[in-house]
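Report on one structure; see the data block that follows.
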Amino acid sequence: MVQTISEATSVADTLERMKQLLGRLIPEAELVLKAEVAYEINRLKKEKKAVILGHNYMEPALFYSVPDHVGDSLGLARIAQKSEADRIVFCGVRFMAETAKILNPERMVLLPAEVAGCSLAASITAEDVRKLKEQYPGVPVVTYINTYADVKAETDVCCTSSNASDIVRKLDSDTVICLPDEFLARNIAKETGKNVIYPGSERTGKDDMIIWDGRCEVHEQFTVQDIENARRQFPDTVVIAHPECPPEVVEAADYSGSTTAMTSYVKNSEAKRFLVLTECAMGDNIAAENPDKEMLRLCSIRCPHMNEITLEDTLKSLREDVYQIEVEEALRLKAKKSLDRMLEMST
Ligand code: 13P
Ligand code: SF4
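Under this note's numbering, the first residue of the sequence shown carries the number 26, and numbering increases by one thereafter.
Rendered as structure tokens:
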């Protein structure tokens, strides 16, 4: 990937490099302001021995200028686990920064915005998981990484959008509890041949997947109609959808995968036009690196939580060491087990 902006030697050099990569997407006046902030972040990052991790949903000026590593939830968790930096600044949402702290507690982990949540993480509590375990004793709990430490602590193994089906297949149990994303779970159930069971319903007795009704407030908005409209106007459109989208949308799409898998798919495809059904900033990030390909956008669909993270906040975070993520030790150790198991199972 093109990642040279962070190596710029002055504000002017930063601006020049930003213009080359992002000039088609962002007005110059905006780049002038952002280049100044980005240069200062990169200077301070070295001084404070910090590493910056950026999720694929960060807006392009941030995504391409300050992270040392960019990626999806799984990729960034692996990098955080091994980091030896004094500080990990996580340009993503809280559950991602918290995951970094759980895996690597010796580092100071910073989230640039005080509130950067996630509708999926907010959809379930540890008490909800305990009740499900009572209701379905002995059934392993697979939990999406988009949850907080207390929920992970009640979990047997975590998963992400890039390894969920694999993890479910590898478990030594034909029946699983899969939380909290209803759509992701239904998409995995389809891939792995499981019967979807909502809590309280009778089990069929074999190959059941007990699911929850959490939803991603971004991906639940995409519809089959969006796909049909795009294909009607541009019949050569290739549609790619994140697995948090409704099952009928994933079914109608040409490809579904994690944010990194979707990015690689576009890069490696011969096609020229794509409808990317995920957070819109990622469409811009893909467009920046693939100037020969057109991204159709549904740009009213943004993640308000990911959008909390700005270059200005990132600079403040580095300057003032805010907002530090802490996880109580007994809880961290319990939560870490489910993350470690996922990392072992998906090597
Ligand atoms: P990825 O693991 O695919 O990056 O997904 C994270 C996320 O929050 C998608 O909405
Ligand atoms: Fe959570 Fe959805 Fe935002 Fe991802 S896009 S962080 S799942 S609310």
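Backbone N, C-alpha and C fix where the C-beta goes; we use that ideal spot for every residue, glycine too.
Residue i - DSSP class collapsed to helix/strand/coil
i: Met307; result: helix
i: Phe299; result: strand
i: Val249; result: helix
i: Asp199; result: coil
i: Ala146; result: helix
i: Met287; result: helix
i: Met26; result: Residue placement at Met26 is flagged as unreliable, the pLDDT there being 46, under the threshold of 50; the coordinate-derived value follows with that caveat. It is coil, neither helix nor strand.
i: Lys126; result: helix
i: Asn254; result: helix
i: Glu216; result: helix
i: Glu32; result: helix
i: Thr229; result: coil
i: Arg327; result: coil
i: Val140; result: coil
Beta-ladder partner(s) of residue i, from DSSP
i: Gly239; result: Asp206
i: Ile51; result: Answer is none; Ile51 lacks a bridge partner.
i: Ala75; result: Arg112
i: His94; result: Leu78
i: Met373; result: No answer is possible for residue 373: it lies beyond the span of the chain, which begins at 26 and ends at 372.
i: Tyr280; result: Ile265
i: Cys270; result: Answer by DSSP bridge pairing: none, since Cys270 is not bridged.
i: Gln45; result: BP columns for Gln45 are empty, so no partner.
i: Gln349; result: Leu135
Span of the beta strand (DSSP E), counted from its first residue to its last, around residue i
i: Thr168; result: 166-169
i: Ile222; result: 220-222
i: Glu319; result: 319-321
i: Met133; result: 133-135
i: Val182; result: 182-184
Alpha helix (DSSP H) segment containing residue i, residue limits
i: Phe115; result: Per DSSP, Phe115 belongs to no alpha helix (DSSP H); it is in the beta strand (DSSP E), 112-116.
i: Glu159; result: 151-160
i: Phe88; result: 85-88
i: Thr339; result: 336-345
i: Val20; result: With the chain represented from 26 up to 372, any question about residue 20 goes unanswered, as that position is not in the structure.
i: Arg357; result: 354-370
Residues of its chain near residue i, where Cβ-Cβ distance is below 7 Å and the 5 sequence neighbours each way are ignored
i: Arg357; result: Ile127, Pro130, Ala174
i: Val201; result: Val164, Pro165, Val167, Val193, Met234
i: Glu65; result: Leu340
i: Ala286; result: Ser187
i: Asp346; result: Met133, Leu135
i: Ser144; result: Arg240, Cys241, Glu242
i: Cys328; result: Tyr82, Val243, Glu304
i: Ile51; result: Pro85, Ala86
Spatial neighbours of residue i in its chain, beta-carbon cut-off 6 Å, leaving aside the 5 residues before and after
i: Glu216; result: Ser190
i: Met26; result: Bear in mind that a pLDDT of 46 at Met26, under 50, signals an unreliable position, so the number given afterwards is only what the model happens to contain. Nothing listed; no residue qualifies.
i: Ala277; result: Val249, Ile252
i: Ser371; result: Asn188
i: Thr185; result: Ser98, Leu99, Ile170
i: Leu302; result: Phe247, Ala266, Cys270
Cβ pair residue i, residue j closer than 9 Å
i: Pro271; j: Phe247; result: yes
i: His80; j: Ser98; result: yes
i: Arg119; j: Ala75; result: no
i: Met43; j: Ala86; result: yes
i: Phe115; j: Ile326; result: no
i: Ala60; j: Leu46; result: no
i: Asn310; j: Tyr89; result: yes
i: Val182; j: Arg366; result: yes
i: Pro137; j: Ser283; result: no
i: Pro260; j: Leu209; result: no
Spatial neighbours of residue i in its chain, beta-carbon cut-off 8 Å, leaving aside the 5 residues before and after
i: Glu337; result: Val62
i: Met331; result: His80, Tyr82, Met83, Gly117, Val118, Ala141, Glu304, Ala306
Residue i: CB within 8 Å of a non-hydrogen atom of the ligand FMN
i: Asn212; result: Of the ligands one can find in the structure shown, namely the ligand 13P and the ligand SF4, none is the ligand FMN.
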